[in-house]
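The number in this note's numbering is simply the position in the sequence shown, starting from 1, with 1447 added.
Ideal Cβ positions, reconstructed from N, Cα and C, are used throughout, including at glycine.
As the structure is a prediction and not an experimental result, all values here were calculated from the model.
Notes to accompany the following structure.
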Amino acid sequence: MTISGKINTLIWVIAVGATTLLTIFIGEREYHYQRDEISREVVTAIAGMPQLQLALYFNDKTAISQNLSQLMTLSPALRRVRLFDATGEEVGERSAPWSEGEGKPSFESLRGEAGPLQTTGAVRRADVTPPNQLLLTIASLGERVNHITRPISSVINPFETGVTGESFGLALSERDSARSLYVIGYLDIEMSSVLLRYQTLGTVASSAAIGLLVILFSAFVISLITRRITAPLGRLAKVADDIASGKMVEKVDESSAGDLAEIARVLNGIIAGLNTYKSQMDVDHQLLSMKVEERTEQLSKRNAELNKAVKEVTETKDRLRQMAYFDSLTALPNRRLFAEQLSLLLRMARRNKQPLALLFLDLDNFKRINDSLGHSAGDQLLQEVAHRLSGCVRESDVVAHYVDSESRIDVSRLGGDEFTVVLNQIDKPESAALVAQRLLDSLTTPMNIDGHEIIVTPSIGIAVAPDDGGDTEGLLKAADTAMYHAKKQGKNNYLFYDSAMGAAGVERLRLETDLRRAIERGQMVLHYQPQVDTHTGNIIGAEALMRWEHPEQGLIPPYKFIPIAEEIGLISQLGNWGLNEACRQLAEFQARGLELSRVSVNLSALQISPMLVSDVESALAQSGLDASALELELTEGIMMDGSQDTVVTLQSLKNIGVRLSIDDFGTGYSSLSYLTRFPLDELKIDRSFVMDIGKSQRNANLVAAIIAMANSLNLELVAEGVETGSQYQFLTEHGAAIIQGYLFSKPVPADALIPMLKERSFDDQIRQLNRGVAFAQR
């Protein structure tokens, strides 16, 4: 295109654009003028309709309809007029025939939060369009309804009663002198945007025609001027284009005046040097082509190397992701990926308002399999468990091997027997129980591991979000707590989390913390329960029972804190303290001349080790107590262990001179061979057998058999837990001479035991019991 043509095109574009914008501006201004003019006409018409106020007050439907029909004649652009009373209740309506039946907005949406005296406006789209206006509707981008809602004022309060038509008319005639005006109703005017624009077509067409004439005239004048000015420039531009494209051209005429002549001289200089430069360029082009070919070959090699490096990086990235997010043994998501997935599923569950269940699964006695069959068999077992768990859930659920992927050594292969299952979008919490039972059934099917048929059982804790926890940490903690309680209730079952479990866990943690400091704070004490010889009435021994005087919870019995001490590794420390304290107090009794021949101290199975011998020797040495005055009470579990270390330890204790007693005999195991294998001195009948003496003849016969067996093995016999005279009668009749129980005394502090240590302190009570026995026999 020539320079002249470009200039003319630019002027045409500017002129057309300006004319179009001006036409649109005039059309919009005319549109708003028409809308406002209709509004003013309606206001004027309402002011000239005092009968409308009267009809509205008396709810005269006929008069209201006539007045609204009169308003509809003000403009063809009116779609509908609606009249509302002061409370917003519609009392009348008139519509254009083509818009009848169309939906109507509510009074509240029209008024919004506007004050009673304010005029409100609104615009909404309409489904019904004016007839015969399809093209205009499309050009206007659809029909829009303009709402103007105006209050109608009156000198009469619309809520006032007893007003007659004459008094209403008189009030209207004196409107100018009225002190107050009341809003008696509201008039909503609906105007069609398409019909309003139809009314502006004449003005818009006139403006467009005038603008077109101006454009044509201006373009004609400017075309003549630019053609005359740009003709020399066009010739020079053509020469410059030819030079730029490498064409050989003739010299330019330099007869032009002014700047054009100077441009011509410059172009001629360029043309003169073009031939020389072209030959030089041909040589350079050949050299450049050679270099390009060489560089292309180098880039091809580099591209192949880069593709290979990208492939290696991608493969390494995939391996690192696999190592970071998946368990190397089971290929299940590990702890990190599981936490991320659970967090995402929790957010989705909150958004969808659907429950989500977390199952925390721990294999029972997995360490025993590792210890007996080796870690390789344990790994195979974990892989089989992972396979079975994955087969019991839906594809949308998540099964994870709950091990730490950041461990420096593959901990999951050594002890990672915890798994988690997330049940996403369950219909109700009870559905988790069905899945948990399915997992139990699946895992209890025997597994063949290295030629061994193994049955593994799980303990499962179930927590449901959001009731049991709204975040990952809280839900995991709840499920873990439920699993722990399921394991305590016998394993191979499942339990739902309950808030009481969490409270119990907090209480246990507080007890653990306080127990670690109980000895150094002097909170541990010993109570003694006397063992009475029924032949003499004397106390021949006392069992030392540990109590914890907690500053807040009071006296805590041993069954609450001894299991905790065994679990957290404090039992040896507590046991040594009890051993030393019992020896010290007995030595103190003997130094004061009090008769107490021995004291019994209970031992935990965890205390049985070669170190126990040195601990006992140290306690005896520090207290100065004779070894024969110390009796150690052992459980049947210690005896049934049967290891060589246990045998050596007990024999070493016996060599020192310490007495050995079997506590709670008959409650743990059925084998009696250990009674002859170990150097025992005493056998204690458990209180559960004593309490059942009067319940059945079979229970009584069992106790009688234990007494006879102890006597035949030359073992001293102590019956503990004796509380009633009938129990005393049965035991003494069958040869049990040493009684321990509430019948004589409950466990008491050392100070309370001292008055009982006088000679034959229980003689009177025994005589009364014996008289009762004699009376019963008569």
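- Note that the segment 1959-1966 does not touch the segment 2176-2195; fewer than 3 beta-carbon pairs, one per stretch, sit closer than 8 angstroms.
- The Cβ neighbour count for Ala1502, taken over all protein chains shown within 10 Å, is at least 16; the residue is labelled buried.
- In the DSSP assignment, Pro1977 falls within the beta strand (DSSP E) that extends over 1971-1980.
- The three-state secondary structure of Glu1999, taken from DSSP, is coil.
- Residue ranges of uninterrupted beta strand (DSSP E) with 3 or more members, entirely inside the segment 2066-2153 and ordered along the chain, are 2077-2081, 2106-2112, 2129-2132.
- Arg1994 places its beta carbon less than 8 angstroms from that of Pro2004.
- DSSP places Ile1907 in the uninterrupted beta strand (DSSP E) bounded by 1905-1912.
- Restricted to the segment 1539-1624, the beta strand (DSSP E) segments that are unbroken, complete and at least 3 residues in length are 1567-1572, 1591-1601, listed in chain order.
- In the DSSP annotation of this structure, the continuous segment of the alpha helix (DSSP H) that includes Thr2179 starts and ends at 2172-2180.
- For Gly2022, the enclosing alpha helix (DSSP H) has its first and last residue at 2018-2038.
- Under the DSSP definition of a beta bridge, Phe1943 partners with Ile1909.
- A residue is called buried when at least 16 other Cβ atoms come within 10 angstroms of its Cβ; Phe1866 meets this threshold and is buried.
- In this structure, the alpha-carbon of Val1490 lies about 13 angstroms from that of Ser1522.
- Per DSSP, the unbroken beta strand (DSSP E) holding Gly1632 starts and ends at 1629-1639.
- Remark: C-beta atoms of Leu2033 and Leu2072 approach each other more closely than 8 angstroms.
- Distance from Val1979 to Phe2191 at the Cβ level is roughly 5 angstroms; contact confirmed, criterion being Cβ atoms closer than 8 angstroms.
- Bridge pairing for Ser2047: Glu1990, Glu2078 [DSSP].
- Taking a C-beta distance under 8 angstroms as the contact criterion, Ala1824 and Ile1902 do not qualify as a contact pair.
- Considering only Asp1864, Pro1998, Val1911, the residue with the shortest C-alpha distance to Leu1870 is Val1911.
- Check the Cα spacing between Leu2017 and each of Glu2042, Asn2049, Leu2053: the tightest is with Leu2053.
- C-alpha of Ala1933 to C-alpha of Ser2047: approximately 36 angstroms in a straight line.
- Sequence-distant Cβ neighbours of Thr1777 in its own chain, meaning closer than 7 angstroms and more than five residues away, are Leu1829, Gln1830, Ala1833, His1848.
- In the DSSP assignment, Ala2166 forms a beta bridge with Ile2132, Ile2186.
- Relative to Glu1990, the option among Arg2045, Ser2143, Tyr2006 whose CA is nearest is Arg2045.
- No residue range can be given for Leu2041, since it is assigned to no alpha helix (DSSP H) and is classified by DSSP as neither H nor E.
- The segment 2155-2171 and the segment 1931-1947 do not touch, with fewer than 3 CB-CB distances between them shorter than 8 angstroms.
- Assignment of beta-bridge partners to Val1460 by DSSP yields no partner.
- The alpha-carbon separation between Ile1454 and Leu1469 amounts to approximately 22 angstroms.
- Relative to Ile2132, the option among Ser2143, Pro2126, Ala2152, Leu1583 whose CA is nearest is Ala2152.
- Bounds of any beta strand (DSSP E) do not take in Leu2204, whose DSSP letter is neither H nor E.
- 8 angstroms or more divides the Cβ of Tyr1944 from the Cβ of Ala2197.
- When the Cα atoms are used, Gln2000 and Gly2040 turn out to be separated by approximately 36 angstroms.
- In the displayed model, Phe2191 falls within coil according to three-state DSSP, outside both helix and strand.
- Note that the segment 1525-1540 touches the segment 1630-1643; at least 3 beta-carbon pairs, one per stretch, sit closer than 8 angstroms.
- For Gln2091, the number of other beta carbons within 10 angstroms of its own is below 16, and it is reported as exposed.
- Counting along the chain, Asn1799 sits inside no beta strand (DSSP E); it lies in the alpha helix (DSSP H) bounded by residues 1782-1799.
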